[in-house]
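Student: Quick one: the structure is below, and I'll ask about it shortly.
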Amino acid sequence: MNLPGDMEDSSDKILFLNFNQDFSCVSVGTETGYRMYNCDPFGRCYSKSGRGASIVEMLFCTSLVALVGVADQEGFNSRQLQIINTKTIDYL
61 MNLPGDMEDS SDKILFLNFN QDFSCVSVGT ETGYRMYNCD PFGRCYSKSG
111 RGASIVEMLF CTSLVALVGV ADQEGFNSRQ LQIINTKTID YL
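When the count follows my numbering, it moves up by one through the sequence shown with no breaks and lands on 152 for the last residue.
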């Protein structure tokens, strides 16, 4: 799935794609980062690159996001869960 004008590298592999609880947003985890989109109107509301995410879950349409890294990534792997506030960039 390529989203127009959004993927820095068109070969970026999607690892996770899911709606939030009320289907108002979509979260996407890739080998090189993660992104969140509003559904109506469609548009990117947050993105972060630099480290892959195998699971990206939003709490409804809030700034709280749960992240799980990818298996081969040092410091943030598939056995770690991180909770981030995307507005303040604070890890809880």
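For every residue, glycine included, the Cβ atom is placed at its ideal position computed from N, Cα and C.
(1) Hey, how far is the Cα of Lys108 from the Cα of Asp82?
(2) Go ahead and pull the three-state DSSP assignment for Thr90.
(3) With respect to 7 Å, is the separation between the Cβ of Cys105 and the closest non-hydrogen atom of the ligand COA below this value?
(4) Counting C-beta neighbours from all protein chains within 10 Å, is the total for Ala131 16 or more, i.e. buried, or is it exposed?
(5) Should Ser87 be labelled buried (16 or more other beta-carbon atoms within 10 Å of its own) or exposed?
(6) From Ala113 to Asp100, what does the alpha carbon distance come to, in whole angstroms?
Tutor: Concretely, from the data shown:
(1) Your numbering for residue 108 matches position 48 in the sequence shown. Your numbering for residue 82 matches position 22 in the sequence shown. Roughly 23 Å between the two C-alpha positions.
(2) Start at 1 with the first residue of the sequence shown, and residue 90 comes out as number 30. Strand at Thr90.
(3) No copy of the ligand COA appears in this structure; indeed no ligand is present at all.
(4) Here residue 131 refers to the residue found at position 71 of the sequence shown. By the 10 Å Cβ count, Ala131 comes out exposed.
(5) The sequence position of residue 87 within the sequence shown is 27, counting from 1. Result: buried.
(6) In the sequence shown, residue 113 corresponds to position 53, counting from 1. In the sequence shown, residue 100 corresponds to position 40, counting from 1. Rounded to the nearest angstrom, the two C-alpha atoms are 24 Å apart.
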